[in-house]
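S.K.:
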Amino acid sequence: MKFRLILGLIFVVLFKSIYAQSTPQVVVSIKPIHSIVESLMDGIASPELLLKSNNSAHTFHLKPSQIRMIEDADLVVSIGDQFEIGLRKALKNLNSKNRVEIMSLNNLVIHQYRADKIYEKDHQEHDQETSTYDMHLWLDISNMKKIAHHIYLLLVDVDPVNTSRYNQNLQLLTSKLDALETEIEAQMHPFSSKIYATFSDTIQYFEKKYRLGRPVIVTPYHGARLSINRTLASKNTMNDFEVSCLIYGTEVRKSQISVLSEGLNLKVHRIDILGQEFSAGPEQYFNLMKKISNQVASCLK
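And the structure:
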């Protein structure tokens with residue numbers, strides 16, 4: 002009896018070990034991208050998420066356990082070194098075959114930050130390593146479809162045994178993204194060319210995708226100081242163009258928004274472009290985009 006029990010335990014341990022070795026170990030930096038990868042890997046394995054808290058994607062620091070997780074991964078997916086700055090050291094010696102840097106992919110729609118010439122000095126004084134490119138590219142659903150296809154190819158490469166399942170998952174995911182794109186297009190159509198104001202240039206991909214008007218940009222980059230001159234200039238511009246919607250990110254203090262909106266007829270909406278309020282998983286990206294669309298529509302009405 003004991004012999005059979007021991008054999009059974011050995012079989013279970015061996016089975017788990019073989020199963021663990023047969024499924025790819027994938028690590029993803031932020032929730033929106035993780036959501037897409039989770040959809041692609043449905044029924045095969047679950048990718049690990051690095052940024053689970055409300056910490057900034059630009060400055061979060063890795064724990065020793067996360068560093069080991071990256072080192073053991075078959076595939077690590079991130080936006081780029083200039084976005085997840087805390088990942089630079091951990092990824093420096095990683096085999097390039099085990100890593101995909103989304104900003105380097107071909108055929109994506111990539112925008113530059115649009116700081117006006119009056120902000121040129123601010124950029125020179127800002128961190129010299131800060132990218133001139135806007136990396137919030139997941140806010141354009143067409144980008145996400147291209148990203149999904151590229152990651153699908155990488156997953157098939159590291160795990161050819163599950164090619165059929167990856168292909169099924171890709172087809173389902175693409176269909177869902179198409180439907181989401183159509184839904185948001187219809188919701189945003191009434192606001193085509195309508196001007197809004199934004200504390201920093203955070204939803205450019207969403208704005209250009211759905212043809213909103215170019216916004217009044219209050220500050221040129223995340224964390225920029227809200228000076229008196231910048232405040233007065235932005236308020237005058239918002240007043241001149243009769244702007245009625247001001248959008249700001251999670252890093253902005255309410256006191257700053259109060260100063261900006263005082264004396265103006267403004268609706269203000271706080272938008273979390275990472276969707277940290279939503280649980281990680283295949284529906285996270287869809288929940289995020291629908292919420293942003295609802296917020297922008299409500300703000301522009």
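Counting in our numbering, the sequence shown runs from 2 upward without gaps. Backbone N, C-alpha and C fix where the C-beta goes; we use that ideal spot for every residue, glycine too. Here the structure is a predicted model, which means the values were calculated and not measured.
(1) Tell me, please, whether the region 164-180 touches the region 213-228 by the rule of three or more beta-carbon pairs shorter than 8 Å.
(2) Name the two residues that bound the continuous beta strand (DSSP E) containing V77.
(3) Which one of Q67, L63 and F61 has the shortest CA to CA distance from V27?
(4) On the CB-based measure, 16 or more other CB atoms within 10 Å of its CB, does M290 come out buried or exposed?
(5) Pick helix, strand or coil for H223, following the three-state DSSP scheme.
(6) Of all the options A91, D43, D75 and E85, which has the alpha carbon lying nearest to the alpha carbon of P65?
(7) Considering only residues of the same chain and omitting the five flanking positions on each side of W139, which have a CB-CB separation below 7 Å?
(8) Assign Q169 to buried or exposed, taking buried as 16 or more other Cβ atoms, counted over all protein chains shown, within 10 Å of its Cβ.
(9) Between A198 and L275, what straight-line distance do the alpha-carbon atoms span, to the nearest angstrom?
(10) Three or more C-beta pairs under 8 Å: does that hold for the region 37-50 against the region 99-114?
(11) Report the residue from M104, F84, L178 and F207 whose alpha carbon sits nearest the alpha carbon of S40.
(12) In whole angstroms, what is the alpha-carbon distance linking I71 and M104?
(13) Can you give me the C-alpha to C-alpha distance between A187 and V162, rounded to a whole angstrom?
(14) Please classify A180 as buried or exposed, where buried requires at least 16 neighbouring CB atoms within 10 angstroms.
(15) Determine the burial state of Q113: buried for a count of at least 16 other Cβ atoms within 10 Å of its Cβ, exposed for fewer.
(16) What are the boundary residues of the beta strand (DSSP E) that R89 is part of?
(17) Secondary structure at D158, three-state DSSP: helix, strand or coil?
(18) Could you tell me the distance, in whole angstroms, from the CA atom of N295 to the CA atom of R89?
(19) Once DSSP output is grouped into helix, strand and coil, what is the label at K177?
(20) Counting along the chain, where does the beta strand (DSSP E) carrying Y249 start and finish?
(21) Please confirm whether any heavy atom of the ligand GTP lies closer than 8 Å to the CB of L227.
(22) Please list the terminal residues of the continuous beta strand (DSSP E) segment that includes V269.
(23) Using a threshold of 9 Å, state whether the C-beta atoms of Y206 and V110 are closer than that.
(24) Put D135 into one of helix, strand or coil per three-state DSSP.
(25) L267 and T232: beta carbons closer than 9 Å?
(26) For H112, which of helix, strand or coil comes out of DSSP?
(27) Suppose contacts are defined by Cβ-Cβ distances below 9 Å. Is I86 in contact with Y286 by that definition?
M.R.: On the basis of the coordinates in this document:
(1) no
(2) L76 to S79
(3) Q67
(4) buried
(5) coil
(6) A91
(7) P33, I34 and M145
(8) exposed
(9) 20 Å
(10) no
(11) L178
(12) 19 Å
(13) 40 Å
(14) exposed
(15) exposed
(16) From DSSP, R89 is part of no beta strand (DSSP E) but of the alpha helix (DSSP H) over R89 to K93.
(17) helix
(18) 35 Å
(19) helix
(20) C246 to Y249
(21) The ligand GTP is absent from the structure shown, which contains no ligands of any kind.
(22) K268 to R271
(23) yes
(24) strand
(25) no
(26) strand
(27) no
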